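Colleague: Order-wise, the sequence lines are chains A and B.
Residue numbers for the first sequence, in numbering that gives the first Met the number 0: 0 to 96.
Residue numbers for the second sequence, in numbering that gives the first Met the number 0: 0 to 154.
All C-beta atoms in this analysis are idealised placements derived from N, C-alpha and C, irrespective of residue type, glycine included.
The structure displayed is predicted, hence computed values, not measured ones.
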Amino acid sequence: MLFSDPTGTDRDDLPRILVQGMARCPEDLNVSGPLVHDFWRNIERVPRVPRMTAIAMRRLDWYHTRLFLFIRPTRIVWWGADGERHELEIGEAGNVA
Amino acid sequence: MWHELTRWLASFDSAVIVWRDAEGYPTSARCHPVPDPARQALGITPAPGDRFRVGPAGLLCHSHDRETWNLRSFHVSGELHQDDAGWWFVPTRLIPGTGLTGIRGNIAWLRGSSREARDYLRARELTRPRIDWAEIDAAKKEGAALFEQARRARE
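#1: Between Ala138/B and chain A, is there a C-beta pair that is closer than 7 Å?
#2: Provide the residue span of the alpha helix (DSSP H) that contains Gly111/B, from first to last.
#3: I'd like to know if Ser113/B contacts chain A, where contact means its C-beta is closer than 7 Å to some C-beta of that chain.
#4: Would you mind telling me which residues of chain B sit closer than 8 Å to Val18/A, beta carbon to beta carbon, in chain order?
#5: When you compare only the Cα positions, how much space is there between Pro45/B and Gly82/A?
#6: Closer than 8 Å by beta-carbon distance: list the chain B residues that pair up with Asp60/A, in chain order.
#7: According to DSSP, is His2/B part of a helix, a strand, or is it coil?
#8: Below 7 Å between beta carbons: does that hold for Thr64/A and Leu28/A?
#9: In the structure shown, what three-state DSSP assignment does Pro34/B receive?
#10: Output the boundary residues of the alpha helix (DSSP H) element that contains Val53/B.
#11: Under 8 Å by Cβ, that's how I've got Trp61/A and Ala133/B pegged, so tell me the actual separation to the nearest angstrom.
#12: Between the C-alpha atoms of Met51/A and Arg150/B, what's the straight-line distance to the nearest angstrom?
#13: Should Trp61/A be counted as a contact of the ligand PLP given a C-beta to heavy atom distance under 6 Å?
#14: Alpha carbon to alpha carbon, what distance is there between Asp12/A and Thr5/B?
#15: Which first and last residues belong to the beta strand (DSSP E) in which Ala14/B is found?
#16: May I ask which residues mark the beginning and end of the alpha helix (DSSP H) holding Ile42/A?
#17: Can you name the start and end residues of the beta strand (DSSP E) that Glu88/A belongs to?
#18: With 16 other CB atoms within 10 Å as the buried threshold, where does Trp2/A fall?
#19: Using 7 Å as the limit for Cβ to Cβ distance, is His36/A near chain B?
#20: Can you give me the C-alpha to C-alpha distance between Pro33/A and Trp86/B, rounded to a whole angstrom?
#21: According to a CB-to-CB cut-off of less than 9 Å, which residues of the segment 54-82 of chain B neighbour chain A?
#22: Does His85/A come within less than 7 Å of chain B when only Cβ atoms are used?
#23: In whole angstroms, give me the CA-to-CA distance for Trp39/A and Ala80/A.
#24: What is the residue span of the alpha helix (DSSP H) that Ile94/B lies within?
#25: Among the residues of its own chain, which have a CB less than 7 Å from the CB of Arg99/B, if the five just before and after it don't count?
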């Protein structure tokens with residue numbers, strides 16, 4: 000995962016951050032529960048969707064059925080304002096090495 | 000593909016290149032590709048600390064406004080090469096995303112995604128899950144309230 004576009008933050012001094020790790024994607028169809036709640040809450044932060052669109056969304060059940068990717072970070076790399084590269088290794092148990 | 004790729008690329012400020020590092024992990028960096036029509040490749044200059052490697056690579060162009068609307072994106076599969084002149088991304092497959100192919104493209108995306116979801120369920124002998132619309136509506140309402148709160152704080 001690369002964090003490199005500060006659009007919307009009103010900041011131009013943020014470091015570029017790369018997170019590497021092991022990903023898994025269980026074949027569970029997620030249609031409810033805490034993860035689903037958080038997902039829709041986070042992407043629906045901008046109330047520019049008219050009511051009609053919300054009704055039309057009811058037809059898109061496939062769009063609202065989600066597979067989640069889980070990533071266990073193993074390394075974080077970042078570049079500060081000086082452009083210098085920094086690395087942090089993360090152990091098996093999620094500990095920072 | 001080349002003509003469409005360079006036309007779309009010109010409408011983005013930058014791109015993200017993805018390649019495999021020495022340990023096999025996907026790694027990525029923001030870059031400013033420069034098309035070379037003679038080579039049919041994009042010249043890419045690594046930033047200090049970017050450790051490009053020859054091999055399979057991907058290029059993503061993606062943008063939106065500060066409220067995450069006006070989404071535009073496309074992806075290109077290809078290979079990273081290096082010669083005396085520098086690093087080159089050689090495209091092999093252009094995959095349109097959103098906001099670049101008009102209403103026809105959007106309809107094609109809706110149809111294609113719906114078909115893929117149906118095939119996914121069929122291949123696993125699964126039935127269509129029942130969506131909890133009340134929960135999704137509550138989550139969206141919560142998100143909208145958070146957004147308004149953040150916007151008021153900015154003003």
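Modeller: Answer, in terms of the structure:
#1: On the second sequence, residue 138/B is found 139 positions in, with the first residue counted as 1. Contact of Ala138/B with chain A is assigned, a C-beta pair being separated by under 7 Å.
#2: Locating residue 111/B in the second sequence gives position 112, counting from the first residue. Segment Gly101 to Ala122, the alpha helix (DSSP H) holding Gly111/B.
#3: Start at 1 with the first residue of the second sequence, and residue 113/B comes out as number 114. Yes - at least one Cβ of chain A is within 7 Å of the one on Ser113/B.
#4: Along the first sequence, one-based indexing puts residue 18/A at 19. One finds nothing in chain B with a Cβ atom closer than 8 Å to the Cβ of Val18/A; even the nearest lies about 10 Å away.
#5: Mapped onto the second sequence, residue 45/B falls at position 46. Mapped onto the first sequence, residue 82/A falls at position 83. Rounded to whole angstroms, Pro45/B to Gly82/A spans 12 Å at the Cα level.
#6: As a first step, residue 60/A is located in the first sequence; it is residue number 61 there, counting from the start. Within 8 Å Cβ-Cβ: Arg127, Pro128 and Ile130.
#7: As a first step, residue 2/B must be located in the second sequence, where it is residue number 3. Annotated three-state conformation of His2/B is helix, per DSSP.
#8: In the first sequence, residue 64/A corresponds to position 65, counting from 1. In the first sequence, residue 28/A corresponds to position 29, counting from 1. Taking 7 Å as the cut-off, the Cβ atoms of Thr64/A and Leu28/A count as close.
#9: Locating residue 34/B in the second sequence gives position 35, where the first residue counts as 1. If DSSP states are grouped into helix, strand and coil, Pro34/B belongs with the strands.
#10: What you label residue 53/B is simply residue 54 of the second sequence in a count that begins at 1. Per DSSP, Val53/B belongs to no alpha helix (DSSP H) and is neither H nor E.
#11: Numbered from its first residue, the first sequence carries residue 61/A at position 62. Numbered from its first residue, the second sequence carries residue 133/B at position 134. Distance from Trp61/A to Ala133/B at the Cβ level is roughly 19 Å; contact not present, criterion being Cβ atoms closer than 8 Å.
#12: Start at 1 with the first residue of the first sequence, and residue 51/A comes out as number 52. Start at 1 with the first residue of the second sequence, and residue 150/B comes out as number 151. Residue confidence for Met51/A is low, a pLDDT of 48 falling below 50, so the modelled location carries little weight; the figure read from the coordinates is stated next. C-alpha separation (whole angstroms): 24 Å.
#13: Questions concerning the ligand PLP fall outside what the structure shown contains, since it holds no ligand whatsoever.
#14: By 1-based counting over the second sequence, the position of residue 5/B is 6. By 1-based counting over the first sequence, the position of residue 12/A is 13. Cα to Cα, the separation comes out at about 30 Å.
#15: Within the second sequence, residue 14/B is the residue found at index 15, counting from 1. Ala14 to Arg19 is the span of the beta strand (DSSP E), which, as asked, contains Ala14/B.
#16: As a working note, residue 42/A is residue 43 in the first sequence. From DSSP, the alpha helix (DSSP H) with Ile42/A extends over Pro33 to Ile42.
#17: Along the first sequence, one-based indexing puts residue 88/A at 89. Unbroken beta strand (DSSP E) run through Glu88/A: Arg84 to Glu88.
#18: Here the question's residue 2/A lines up with position 3 in the first sequence. Here the sequence assigns Phe to residue 2/A, which means Trp is not the residue at that position. With a threshold of 16 other beta carbon atoms within 10 Å, Phe2/A falls short and is exposed.
#19: Reading the first sequence from its first residue, position 37 is the one you call residue 36/A. Residue-level contact check: His36/A touches chain B, since one or more beta carbons of chain B fall below 7 Å from its beta carbon.
#20: Translated into the one-based positions of the first sequence, residue 33/A becomes position 34. Translated into the one-based positions of the second sequence, residue 86/B becomes position 87. Cα-Cα distance, rounded: 44 Å.
#21: For the segment 54-82 of chain B, the beta-carbon criterion of a distance under 9 Å to any beta-carbon of chain A is satisfied by His61, Ser62, His63, Asp64, Arg65, Glu66, Thr67 and Trp68.
#22: As a working mapping, residue 85/A is identified with position 86 in the first sequence. Under the 7 Å criterion on CB atoms, His85/A is classed as non-interfacial with respect to chain B.
#23: In the first sequence, counting from the first residue as 1, residue 39/A sits at position 40. In the first sequence, counting from the first residue as 1, residue 80/A sits at position 81. In this structure, the CA atom of Trp39/A is about 34 Å from the CA atom of Ala80/A.
#24: As a first step, residue 94/B must be located in the second sequence, where it is residue number 95. Where Ile94/B is concerned, there is no enclosing alpha helix (DSSP H), although the beta strand (DSSP E) it sits in stretches over Gly85 to Pro95.
#25: Residue 99/B sits at position 100 when you count from the first residue of the second sequence. For the record, residue 99/B in the displayed sequence is Leu; it is not Arg. Cβ within range, chain order: Trp7, Arg71 and Phe73.
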